[in-house]
Structure formats: structure tokens, C-alpha cells
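According to the numbering used here, the sequence shown is numbered sequentially starting from 3.
Don't be surprised by glycine CBs; every beta carbon is placed ideally from N, CA and C.
Note sheet for the following structure.
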Amino acid sequence: QVQLVESGGGLVQPGGSLRLSCAASRSLFSINAMGWYRQAPGKQRELVAAVAKGGSTNYGDSVKGRFTISRDTFKKTVYLQMNSLKPEDTAVYYCNAELSKQSVYWGQGTQVTVSS
């Protein structure tokens, strides 16, 4: 099992930046992949960014070039740096940890609101 604690959401103006953090309760090297997903009202949850155990990353098309996922293995924490935020980025952002295809864990979610 793994517990995930997210932080860093909030209200930001369009064009602004936020950094989300996700602290895991176990070594990142024991987790196949960690990622960030988001869900806006009335929409399906979608992948924002993910980082595999080996360090490779992938991003959703709508955030490429604006968001960056990174990790600090000593702190057992994954970050999502979000720049050039748009109103359509408004959503609840969830941290995800995949121990295996059959063992996936989610954080509690953190709200990100982009509005002037």
C-alpha cells in the first residue's frame, strides 16, 4: 500500500503558475509510476503527467510545454509545476501511484482554480 498527500492547489490568475506536491509514504523506487490526473466538473478524469520508476515522463496533449512533472526521491515527493495556466486548467488534481496494474492508489485531490 501507499498513502499519498497532495498540497499546493489554490486560486491563480490566467497566465500564472502553481506547483503541486504529492508526498508518498514509501520509496518512489518501489512504485512503478506516479502521475497527476485532473477532473473538471462534468468531465472524465484525464492524465496530466506521469513519471515512471526509471524517470521517463509523459504528458497530456493539453499541457505539453506548460507543465513539468519532477520528483525528489529523497523526499519521496513528486511535483507538478504548472505555468501559463489557463481557465480550462481549472479542475481537481489527483496524485496517482501505480504499484502494479492491479494496485493503484489515489490522493485526496487538490483544487486548482484559474480565474481573474
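{"Asked": "Neighbourhood of Q41 by C-beta, 6 Å cutoff - its chain only, sequence neighbours within 5 removed", "Found": "R47, A93 and V94"}
{"Asked": "Reduced DSSP secondary structure (H/G/I, E/B, other) of L30", "Found": "helix"}
{"Asked": "C-beta contact flag for V88 and P43 at 9 Å", "Found": "Before going on, a small fix: residue 88 reads as Lys here, not Val. Not in contact: K88 and P43 (Cβ atoms no closer than 9 Å)."}
{"Asked": "Pair within 9 Å by beta-carbon distance, Y81 and S118", "Found": "no"}
{"Asked": "Beta-carbon proximity of S27 to L13, cut-off 9 Å", "Found": "no"}
{"Asked": "Contact belief for T37 with L49 at Cβ below 8 Å, rounded distance in angstroms", "Found": "Before going on, a small fix: residue 37 reads as Gly here, not Thr. Yes, G37 and L49 are in contact; Cβ-Cβ is about 6 Å, under 8 Å."}
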